[in-house]
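**Student:**
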Ligand code: HMG
Ligand code: MG
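In the UniProt record's numbering, the protein residues as written are 1 to 315.
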């Protein structure tokens with residue numbers, strides 16, 4: 001056991017966990033897409049810059065979606081060039097070939113398509129059935145791969161859906177397989193509305209690996225609606241997952257899933273991983289300072305418990 005440093009947890013490793021975790025930071029995209037007021041492009045660019053300066057290696061920057069569907073990210077053409085030179089991976093969301101064209105025109109090297117495990121959310125988020133959405137992604141993935149661009153496949157509603165209730169594991173496995181067979185390099189399993197609990201996470205990951213999906217291709221994406229995001233993350237780490245999505249300050253939600261609240265806060269994740277002796281490369285102090293700075297721009301305190309504990313924000 002190490003001596004505790006001020007502002008950091010004591011390090012007490014636990015068996016059966018990975019030595020290193022890659023955090024896929026989604027605050028600038030999943031976080032800001034859900035803000036009522038659109039954040040000025042210069043503030044977004046500064047947010048991405050500050051995040052990149054914390055030691056994070058993957059900072060999802062924006063989405064090339066229809067500007068009417070997500071007006072908060074309608075400035076992708078201005079934002080992306082402003083951050084493109086940063087020494088981090090900067091994935092962007094692209095729902096279709098139009099989005100891919102826009103992203104490739106600006107030199108994006110990492111894109112993400114975003115599927116749904118349920119018909120209701122596929123309709124609400126993409127105006128398509130699940131199969132129609134997969135058909136829309138197919139040329140996106142094949143063209144991206146031909147251009148040597150890395151492709152992430154998000155899958156939303158992997159646990160529960162606000163319209164359909166519990167989502168059968170087999171349904172999730174089927175869409176995961178389709179995304180991988182299409183050529184996605186990695187998948188991110190989304191608990192869009194935050195209803196997963198650890199046993200469910202273990203069951204889904206066991207089913208996926210049982211169906212031949214390598215755990216190295218899987219990331220997890222938890223929203224913290226019911227306060228389960230960290231325990232769900234620990235369950236995923238115990239199954240060998242080493243890619244975890246999180247949002248600085250716990251920003252987030254989804255404009256097309258009413259009950260979605262903030263993502264797992266990156267600071268809460270880093271605190272837990274640091275305590276477990278798991279390397280992330282992230283400087284927690286800088287990250288907290290970034291979220292406090294962003295909270296001041298948004299005009300409300302960060303919901304992250306770790307940000308609150310390590311800063312002196314008014315709640
Ligand atoms: P649609 O209305 O069916 O579009 O929307 P369409 O294909 O019929 O095209 C209609 C018009 O839109 C055409 O223009 C297209 O060119 C244009 P027109 O010919 O009529 O002048 N258009 C575009 N313009 C700019 N960029 C584009 C684009 N695509 C079409 N990319 C569409 C279909 C997929 C476009 C729409 O539903 C959409 O943009 N949806 C995005 C919704 C979204 O971004 N949701 C949030 C991200 S997902 C999420 O947050 C979950 C996640 O975090 C994981 C989790 O938590 O679960 C990832
Ligand atoms: Mg999300």
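Virtual Cβ for every residue (Gly too), placed ideally from N, Cα, C. Note that the structure is predicted; figures quoted are calculated from it, not measured.
#1: Considering only the alpha carbon of each residue, which of 287, 274, 292 and 51 lies closest to residue 11?
#2: With distances taken Cα to Cα, identify the nearest neighbour of residue 208 among 126, 147, 68 and 169.
#3: Any idea what DSSP makes of residue 138, helix, strand or coil?
#4: Rounded to whole angstroms, how far is the Cβ of residue 316 from the Cβ of residue 61, which I believe are closer than 8 angstroms?
#5: How about the stretch 147–159 and the stretch 127–134: do they share at least three Cβ pairs that are nearer than 8 angstroms?
#6: May I ask whether a heavy atom of the ligand HMG can be found less than 7 angstroms away from the beta carbon of residue 33?
#7: Rounded to whole angstroms, what's the CA-CA distance from residue 34 to residue 20? Just pull it up for me.
#8: Whole alpha helix (DSSP H) runs in the stretch 225–276 with 4 or more residues, listed along the chain?
#9: Any idea which residues DSSP pairs residue 278 with across the strands?
#10: If you measure between the beta carbons of residue 92 and residue 108, is that distance less than 8 angstroms?
#11: On a CA-only basis, which of 245, 195, 220 and 194 is nearest residue 205? Give me that one, please.
#12: Which runs of the alpha helix (DSSP H) spanning at least 4 residues fall entirely within the stretch 284–314, listed in chain order?
#13: Should the stretch 62–77 be called in touch with the stretch 294–308, which here means at least 3 C-beta pairs below 8 angstroms?
#14: Kindly indicate the opening and closing residues of the alpha helix (DSSP H) around residue 319.
#15: Tell me which same chain residues have a C-beta within less than 7 angstroms of the C-beta of residue 316, skipping the five on either side of it?
#16: Applying the criterion that 16 or more other CB atoms from any shown protein chain within 10 Å of the CB defines a buried residue, is residue 84 buried or exposed?
#17: With DSSP as the reference, label residue 7 as helix, strand or coil.
#18: Report yes if the C-beta distance between residue 111 and residue 133 is below 8 angstroms; otherwise report no.
#19: Name the DSSP beta bridge partners of residue 63, please?
#20: Give the list of continuous alpha helix (DSSP H) stretches no shorter than 4 residues that lie fully inside the stretch 186–218.
#21: Looking at the strands, I want to know which residues DSSP matches up with residue 156.
#22: Using three-state DSSP, classify residue 161 as helix, strand or coil.
#23: Might you give, ordered along the chain, the residues of its own chain that have their beta carbon closer than 6 angstroms to the beta carbon of residue 86, omitting 5 neighbours on each side?
#24: Are the CB atoms of residue 284 and residue 293 nearer to each other than 8 angstroms?
#25: Does the separation of the CB atoms of residue 264 and residue 247 fall below 8 angstroms?
#26: Less than 7 angstroms separating the Cβ of residue 320 from some heavy atom of the ligand HMG?
#27: Report the three-state DSSP secondary structure of residue 130 (helix, strand or coil).
#28: With three or more beta-carbon pairs closer than 8 angstroms as the criterion, would you say the stretch 187–196 touches the stretch 213–228?
#29: Going by CA-CA distance only, name the one from 7, 73, 17 and 89 that's closest to residue 279.
#30: Check whether the Cβ of residue 63 sits closer than 7 angstroms to any heavy atom of the ligand HMG, and report yes or no.
#31: I think residue 211 touches residue 173, with their Cβ atoms under 8 angstroms apart; what is that distance to the nearest whole Å?
**Tutor:** The answer reads as follows:
#1: 274
#2: 169
#3: helix
#4: Lying outside 1 to 315, the shown extent of the chain, residue 316 is not represented and no answer is given.
#5: no
#6: yes
#7: 30 angstroms
#8: 229–238 and 266–275
#9: In DSSP, residue 278 forms no bridge with anything.
#10: yes
#11: 220
#12: 284–298 and 305–310
#13: no
#14: Outside the modelled stretch of the chain, which goes from 1 to 315, sits residue 319, for which no answer is possible.
#15: Residue 316 lies beyond the residue range present for the chain, which begins at 1 and ends at 315; the question has no answer from this structure.
#16: exposed
#17: Residue 7 falls in the coil class under three-state DSSP.
#18: no
#19: 93
#20: 198–210
#21: 116
#22: It is a strand residue.
#23: Only 52 meet the Cβ criterion.
#24: Residue 293 sits away from residue 284, with the two beta carbons spaced by 8 angstroms or more.
#25: yes
#26: Outside the shown range of the chain, which is 1 to 315, sits residue 320, and nothing can be said about it.
#27: helix
#28: yes
#29: When each option's Cα is compared against that of residue 279, the closest is 17.
#30: yes
#31: 5 angstroms
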